[in-house]
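So the structure is just underneath, and the comments pick up after that.
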Amino acid sequence: AQSVTQLGSHVSVSEGALVLLRCNYSSSVPPYLFWYVQYPNQGLQLLLKYTTGATLVKGINGFEAEFKKSETSFHLTKPSAHMSDAAEYFCAVSGATNKLIFGTGTLLAVQP
Amino acid sequence: GAVVSQHPSRVICKSGTSVKIECRSLDFQATTMFWYRQFPKQSLMLMATSNEGSKATYEQGVEKDKFLINHASLTLSTLTVTSAHPEDSSFYICSARPLKLAASYEQYFGPGTRLTVT
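Protein chains in written order, with the working numbering: chain A, 1 to 112; chain B, 113 to 230.
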């Protein structure tokens, strides 16, 4: 079975500060890992994904994530937060089945 | 590229009526489409997996007679909520997996449909 845990349902940072959103996964097979962003009343947009190869993955809007097998983690980071980054972020895992298994989401607030 | 549309974006219907939601992949073919339901401030709950030309696979606890899914072509899947009730009010999101990305399990999401049943 696969599962995803996102620590912190709400994260607040100041504009210009580091963004760190945590994601830990559980998987009995090599995982494929994804981060999606959702703005209010909209669908999900893919930020980045890890399938195989390089463990540091760069995505859109300056975000990146590092796959750490030993820690079963795939944390999302951005060096400097922007007001437009305020949104809900979902981590997801796949690989054992045809499905994406989502975490419960982290709402990111960016303070001016 | 990889755009998924949903129609309508918002719908209000009366209790007991049926509502159809369309999901289209605009610039790619998708053998597999997915339907999710999202309650306010919660994560996405997979309802069913839809494969072109075959019956949908429903997740445990999802009533297949209530949520009818049809995947008639490689670019269109529909979800019909039959005999809708207020508790069916929710945000419904579809996604599609491009043929060329099938091995990576990546999905592209539509913008969602807000259903309100009065």
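A virtual CB, placed ideally from N, CA and C, is assigned to each residue, including glycine.
Residue i CB to nearest chain A CB: under 8 Å?
| i | result |
| --- | --- |
| Thr-144 of chain B | yes |
| Tyr-217 of chain B | yes |
| Thr-161 of chain B | yes |
| Ile-133 of chain B | no |
| Ile-205 of chain B | yes |
Measure the C-alpha to C-alpha separation of residue i and residue j and round it to an integer number of angstroms.
| i | j | result |
| --- | --- | --- |
| Ile-101 of chain A | Val-4 of chain A | 7 Å |
| Gly-128 of chain B | His-10 of chain A | 38 Å |
| Ala-86 of chain A | Leu-46 of chain A | 15 Å |
| Pro-116 of chain A | His-197 of chain B | In the structure as shown, chain A begins at 1 and stops at 112. Residue 116 of chain A is therefore absent and cannot be evaluated. |
| Ala-168 of chain B | Val-19 of chain A | 39 Å |
| Val-116 of chain B | Ala-17 of chain A | 33 Å |
| Arg-226 of chain B | Thr-104 of chain A | 20 Å |
Within the 8 Å Cβ cut-off, does residue i reach chain B?
| i | result |
| --- | --- |
| Tyr-89 of chain A | no |
| Gln-2 of chain A | no |
| Leu-100 of chain A | yes |
| Gly-95 of chain A | yes |
| Tyr-25 of chain A | no |
| Thr-55 of chain A | no |
Leaving out five residues on either side along the sequence, give the residues of the same chain with a beta carbon under 6 Å from the beta carbon of residue i.
| i | result |
| --- | --- |
| Ile-189 of chain B | Before going further, note that residue 189 of chain B is Ser rather than Ile in the sequence given. Result list for Ser-189 of chain B: Cys-135, Met-145, Ser-162 and His-183, in chain order. |
Do residue j and residue i have their beta-carbon atoms positioned less than 8 Å apart in this structure?
| i | j | result |
| --- | --- | --- |
| Gln-111 of chain A | Ser-26 of chain A | no |
| Ala-109 of chain A | Glu-15 of chain A | no |
| Ser-155 of chain B | Ala-208 of chain B | no |
Leaving aside the five residues before and after residue i along the sequence, list all residues of the same chain whose C-beta is less than 8 Å from its C-beta, in chain order.
| i | result |
| --- | --- |
| Val-174 of chain B | Met-159 and Ala-160 |
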